[in-house]
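For reference, the structure is listed below as structure tokens.
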Amino acid sequence: MSTNDLRTTTRRMLAFVRPHWRGLIGALLAFIAAAATEPLLPWLLQITLDSGFGAPRASALGPQLPSLNLPKPSEPFPIWMVPVVLIGLFAARGLFSFLGQYLLQWTVGRTVLDIRCALMNALMRADASNFTQMAGGTAVTKLVGDPQQAVHLVSNAGLTLLRDGLPALAMLGYLLYTNWKLTLLTLVTLPVMALVLKQVNKRVRRVGGQAYEAQMALSNAVDDATRAWKLVRSFGAQEHERERFSTRAQNLRRQTLKQVAANSMAQPLSQLIASVGLSLIVALAILQGRQQGGTPGEFLAFVSALLLLMSRARHLAEMMQPWTNGLIIARGAMELLDLPPEDDRGTVTQHSGPGALRLHDIRLQYPGSEAPALNGLSLEIAAGQTVALVGASGAGKSSVVHLLLGFARAQGGRYEIDGLDSTTLSLAALRSQFAVVSQDTLLFDDTVLANVAYAQTPDRARAESALRDAALWDFVQALPQGMDTRIGSNGSTLSGGQRQRLAIARALYRDAPIWIFDEATSALDTESERAVQDALARHQGHKTVILIAHRLSTVRHADRIFVLQAGRVVESGNHAELLAAGGTYAALVSLGEG
Numbered sequence: 001m002s003t004n005d006l007r008t009t010t011r012r013m014l015a016f017v018r019p020h021w022r023g024l025i026g027a028l029l030a031f032i033a034a035a036a037t038e039p040l041l042p043w044l045l046q047i048t049l050d051s052g053f054g055a056p057r058a059s060a061l062g063p064q065l066p067s068l069n070l071p072k073p074s075e076p077f078p079i080w081m082v083p084v085v086l087i088g089l090f091a092a093r094g095l096f097s098f099l100g101q102y103l104l105q106w107t108v109g110r111t112v113l114d115i116r117c118a119l120m121n122a123l124m125r126a127d128a129s130n131f132t133q134m135a136g137g138t139a140v141t142k143l144v145g146d147p148q149q150a151v152h153l154v155s156n157a158g159l160t161l162l163r164d165g166l167p168a169l170a171m172l173g174y175l176l177y178t179n180w181k182l183t184l185l186t187l188v189t190l191p192v193m194a195l196v197l198k199q200v201n202k203r204v205r206r207v208g209g210q211a212y213e214a215q216m217a218l219s220n221a222v223d224d225a226t227r228a229w230k231l232v233r234s235f236g237a238q239e240h241e242r243e244r245f246s247t248r249a250q251n252l253r254r255q256t257l258k259q260v261a262a263n264s265m266a267q268p269l270s271q272l273i274a275s276v277g278l279s280l281i282v283a284l285a286i287l288q289g290r291q292q293g294g295t296p297g298e299f300l301a302f303v304s305a306l307l308l309l310m311s312r313a314r315h316l317a318e319m320m321q322p323w324t325n326g327l328i329i330a331r332g333a334m335e336l337l338d339l340p341p342e343d344d345r346g347t348v349t350q351h352s353g354p355g356a357l358r359l360h361d362i363r364l365q366y367p368g369s370e371a372p373a374l375n376g377l378s379l380e381i382a383a384g385q386t387v388a389l390v391g392a393s394g395a396g397k398s399s400v401v402h403l404l405l406g407f408a409r410a411q412g413g414r415y416e417i418d419g420l421d422s423t424t425l426s427l428a429a430l431r432s433q434f435a436v437v438s439q440d441t442l443l444f445d446d447t448v449l450a451n452v453a454y455a456q457t458p459d460r461a462r463a464e465s466a467l468r469d470a471a472l473w474d475f476v477q478a479l480p481q482g483m484d485t486r487i488g489s490n491g492s493t494l495s496g497g498q499r500q501r502l503a504i505a506r507a508l509y510r511d512a513p514i515w516i517f518d519e520a521t522s523a524l525d526t527e528s529e530r531a532v533q534d535a536l537a538r539h540q541g542h543k544t545v546i547l548i549a550h551r552l553s554t555v556r557h558a559d560r561i562f563v564l565q566a567g568r569v570v571e572s573g574n575h576a577e578l579l580a581a582g583g584t585y586a587a588l589v590s591l592g593e594g
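This is the structure we're talking about:
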């Protein structure tokens, strides 16, 4: 990760922090108040030693801070004053530190929320091709885990900057006031420390990026093994998956160890440089005290302040590692913001029509593909007609669905819906005309009712009607909470047939003018399939229905059947006409394929 990448990511992070500037200002003021108490500790130590144990001599290390009306040396030192001031000092610092950390974390929480929402918005707008190229689990990791971890690391670095940087400045001011010559000598070590830490930080960036990539690879391996658990077990591939996981886990361990080693280099190197400077300054302070005279309190106060400054400086030196690691993770998460959006050029935002479709000379080729998916395809579907698309695997049936729904744009030809050029419709307006049941049944971890009325206002009577048509109502009635029963992740508590029927009910509930059933009844038994077909028959003439099936028995009653081959329509007609023609359809029927 280059320096320019770090700067760009920092600017993007700041854009999310900026709306919550009030929380940052409040945290800054609280930490400034806490930092103001820092120089009072060595000052209190000096007063205690010099005024509490005897009369002070003339200062050798520099001018003293104002006495704040403390008793004169000749007067008895009030013993109660030290514990009272000390307790009050730590109480004030603790209060202001708490307020600062609370306000900072309030800002962090709001920032993480905004980042996650922005990433989700980008994901929902992303072009369909992004999802085909994205590894499993990547979006979840980058959207859920990465923002929290990135902002946590960066905010911890920011907390260190405020909690240690401000007291360091206050302590530096105290030291300059006390003895500016020795203090300036101390600062000579800072450029050396900065140079060393710059070199360390380069390695942190490099190994940090490698560790992040290794972590993503491990997450993808886990996602593959859990998502395809049936395939893994049916192939007896448990050992293969264990070895695959172990290889990636070992790589992550090595990369993490390199990252820890790089992060750990900063502390000992900064301590070594600081110790050289500190030993030199202490020796000079002792020499100056012997030659010019001074009190033990003055010397101890100066050295204590110097040690506190060095401690704060060491923490600040270590700040760059979590800051850099956080930005590396943030950069990976914010890659989602750079996903190309869908080509939504349409200006018509609302459309309501009967559902007539016309495709003329459509040419569609996916990026990276050698052959076109659709090659001069033409077909016309009247409103209220039930049609079927059949053909061997790879004939172009799924590509027609992708085209109809706007998941893919044709490079040639014309696609009309109700006589309108589809490109004039916004994608939302285009897709509002369709209800789809795909061969890959997808459900949500919610109630039956929420799944049936997905993204729409729930209506229990309407949902019941859809469930009855999908031959699922009797089952839903028997559930503990009926339609209010949760079904688990992707309907994990349901059987395959029940999941498919619930997806059919969802499409029926949508009540769009065009219904697409892509292998929608493949997991149903004969009785359930017949019930669904009867429900579709009741809507025949009122809805445009597109059936895609390999089992040709499910399309026999379609008004028209389009036979696809090599991305074009080679035959069309009803079941009897196509059988009589003795062409491709008849061959598919005889082979039992489609």
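Residue numbers for the sequence shown follow the UniProt record's numbering, so the first one is 1 and each next one is one higher.
For each residue, glycine too, the CB sits at the ideal point set by N, CA and C.
Boundaries (first-last residue) of the beta strand (DSSP E) holding residue 641
Since the displayed the chain opens at 1 and closes at 594, residue 641 lies outside it and no answer follows.
Residues near G376 by beta carbon distance below 6 Å, same chain, minus five either side:
Stepping through the sequence shown from its first residue, residue 376 is reached at position 376. Only D361 and R568 meet the Cβ criterion.
Let me know the secondary structure DSSP gives R314 once reduced to three states.
Indexing the sequence shown from 1 puts residue 314 at position 314. Correct three-state label for R314: helix.
Can you name, in chain order, every residue of its own chain whose Cβ lies under 7 Å from the Cβ of D5, other than the five neighbours on each side?
Position 5 of the sequence shown, counting from 1, holds the residue named residue 5. Closer than 7 Å at the Cβ level, and outside the excluded window around D5, lie R331.
Pick from S246, Q456 and E38: whose alpha carbon is nearest that of L175?
Here residue 175 corresponds to residue number 175 of the sequence shown, with the count starting at 1. The option with the nearest alpha carbon to L175 is E38.
Closest to T424 by CA distance: which of H351, R358, L337 and V532 is it?
As a working mapping, residue 424 is identified with position 424 in the sequence shown. Selected option, being the one with the closest Cα: H351.
Are D534 and S489 closer than 7 Å when you measure CB to CB?
The sequence position of residue 534 within the sequence shown is 534, counting from 1. The sequence position of residue 489 within the sequence shown is 489, counting from 1. Cβ distance not < 7 Å, so D534 and S489 don't count as in contact.
Beta-carbon separation of M171 and L29 under 7 Å?
The residue given as residue 171 occupies position 171 in the sequence shown. The residue given as residue 29 occupies position 29 in the sequence shown. No, the pair does not count as a contact, with Cβ atoms beyond the cut-off.
Cβ atoms of I546 and V390: under 7 Å apart, would you say?
As a first step, residue 390 must be located in the sequence shown, where it is residue number 390. As a first step, residue 546 must be located in the sequence shown, where it is residue number 546. For V390 and I546, no; Cβs fall outside 7 Å.
Can you name, in chain order, every residue of its own chain whose Cβ lies under 8 Å from the Cβ of V154, other than the five neighbours on each side?
In the sequence shown, residue 154 corresponds to position 154, counting from 1. Taken in chain order, the residues that qualify are M13, P322, W323, G326, L327 and A330.
What is the residue span of the beta strand (DSSP E) that D518 lies within?
Here the question's residue 518 lines up with position 518 in the sequence shown. Residues I514 to D518.
On the criterion of 16 or more Cβ atoms from any shown chain inside 10 Å, does A262 qualify as buried, or is it exposed?
The residue labelled residue 262 in the question sits at position 262 within the sequence shown. A262 is buried by the Cβ-count criterion.
Drop a sphere of 10 angstroms on the beta-carbon of T493, count the other beta-carbons inside from all chains shown, and report buried for 16 or more, exposed for fewer.
In the sequence shown, residue 493 corresponds to position 493, counting from 1. It counts as exposed.
Distance check for Q250 and R116, CA to CA, integer angstroms please.
Looking up residue 116 in the sequence shown gives position 116. Looking up residue 250 in the sequence shown gives position 250. Roughly 30 Å separates the two Cα atoms.
Can you have a look at Y585 and say buried or exposed, based on whether 16 or more other CB atoms are within 10 angstroms of its CB?
Stepping through the sequence shown from its first residue, residue 585 is reached at position 585. Label assigned to Y585: buried.
When you measure from the CB of R431 to every non-hydrogen atom of the ligand FAD, does any distance come out below 6 Å?
Questions concerning the ligand FAD fall outside what the structure shown contains, since it holds no ligand whatsoever.
Following the continuous beta strand (DSSP E) through D361, name the residue where it begins and the one where it ends.
Here residue 361 refers to the residue found at position 361 when the sequence shown is read from its first residue. Looking at the DSSP string, the run of the beta strand (DSSP E) that includes D361 is L357 to L364.
Can you name the start and end residues of the beta strand (DSSP E) that S129 belongs to?
On the sequence shown, residue 129 is found 129 positions in, with the first residue counted as 1. First-last for S129: A128 to Q133, but that is the alpha helix (DSSP H), not the beta strand (DSSP E).
Can you check whether the CB of L449 is closer than 7 Å to the CB of A471?
Locating residue 471 in the sequence shown gives position 471, counting from the first residue. Locating residue 449 in the sequence shown gives position 449, counting from the first residue. Their beta carbons are not under 7 Å apart, which means A471 does not touch L449 by this criterion.
P83 beta carbon less than 7 Å from that of A305
Here residue 305 refers to the residue found at position 305 when the sequence shown is read from its first residue. Here residue 83 refers to the residue found at position 83 when the sequence shown is read from its first residue. No, the Cβ-Cβ distance between A305 and P83 is not below 7 Å.
Apart from the five residues just before and just after Q210, which ones in its own chain have a Cβ nearer than 6 Å to its Cβ?
Within the sequence shown, numbered from 1, the residue matching residue 210 stands at position 210. Correct list, in chain order: Q255.
What does the alpha-carbon distance come out to for the pair R242 and V112?
As a position in the sequence shown, residue 242 is number 242, starting the count at 1. As a position in the sequence shown, residue 112 is number 112, starting the count at 1. Cα-Cα distance, rounded: 34 Å.
Pair within 7 Å by beta-carbon distance, D344 and L427
Working through the sequence shown from its first residue, we reach residue 344 at position 344. Working through the sequence shown from its first residue, we reach residue 427 at position 427. Taking 7 Å as the Cβ cut-off, D344 and L427 qualify as a contacting pair.
Cα separation between G145 and G109?
The residue labelled residue 145 in the question sits at position 145 within the sequence shown. The residue labelled residue 109 in the question sits at position 109 within the sequence shown. One C-alpha to the other measures close to 13 Å.
Applying the criterion that 16 or more other CB atoms from any shown protein chain within 10 Å of the CB defines a buried residue, is L508 buried or exposed?
Numbered from 1 along the sequence shown, position 508 holds the residue referred to as residue 508. The residue is buried, with at least 16 neighbouring Cβ atoms inside 10 Å.
N- and C-terminal bounds of the alpha helix (DSSP H) containing T178:
Here residue 178 corresponds to residue number 178 of the sequence shown, with the count starting at 1. Here the alpha helix (DSSP H) through T178 covers L166 to T178.
Compute the beta-carbon to beta-carbon distance between D559 and Q385, rounded to the nearest angstrom, for a pair I have assumed lies under 8 Å.
Position 559 of the sequence shown, counted from the first residue, corresponds to residue 559. Position 385 of the sequence shown, counted from the first residue, corresponds to residue 385. Contact holds; Cβ gap of about 5 Å.
Under a Cβ-count criterion, where at least 16 other Cβ atoms within 10 Å of its own Cβ denotes burial, should D511 be classed as buried or exposed?
Residue 511 sits at position 511 when you count from the first residue of the sequence shown. So D511 ends up on the exposed side.
Under the three-state DSSP convention, the category A15 falls into:
Here residue 15 is taken as the residue at index 15 of the sequence shown, counted from 1. Here A15 sits in helix by DSSP.
Any idea if R501 is buried or exposed, counting beta-carbon neighbours within 10 angstroms, 16 or more meaning buried?
The sequence position of residue 501 within the sequence shown is 501, counting from 1. The residue is buried, with at least 16 neighbouring Cβ atoms inside 10 Å.
Alpha carbon to alpha carbon, what distance is there between L359 and E527?
One-based indexing of the sequence shown puts residue 527 at position 527. One-based indexing of the sequence shown puts residue 359 at position 359. One C-alpha to the other measures close to 35 Å.
Along the chain, where does the alpha helix (DSSP H) containing A428 start, and where does it finish?
Walking along the sequence shown from the start, residue 428 turns up at place 428. From DSSP, the alpha helix (DSSP H) with A428 extends over L427 to R431.
Please report how far the alpha carbon of G277 lies from the alpha carbon of T186, in whole angstroms.
On the sequence shown, residue 277 is found 277 positions in, with the first residue counted as 1. On the sequence shown, residue 186 is found 186 positions in, with the first residue counted as 1. So the alpha carbons of these two residues sit roughly 6 Å apart.
Three-state secondary structure (DSSP) of E571
Looking up residue 571 in the sequence shown gives position 571. Strand at E571.
Assuming F562 contacts S572 (C-beta within less than 8 Å), just tell me the rounded distance between them.
Counting from one through the sequence shown, the residue named residue 562 turns up at place 562. Counting from one through the sequence shown, the residue named residue 572 turns up at place 572. That pair is a contact at about 5 Å.
DSSP puts D224 in a beta bridge; with which residues?
Counting from one through the sequence shown, the residue named residue 224 turns up at place 224. Beta-bridge pairing links D224 to no other residue.
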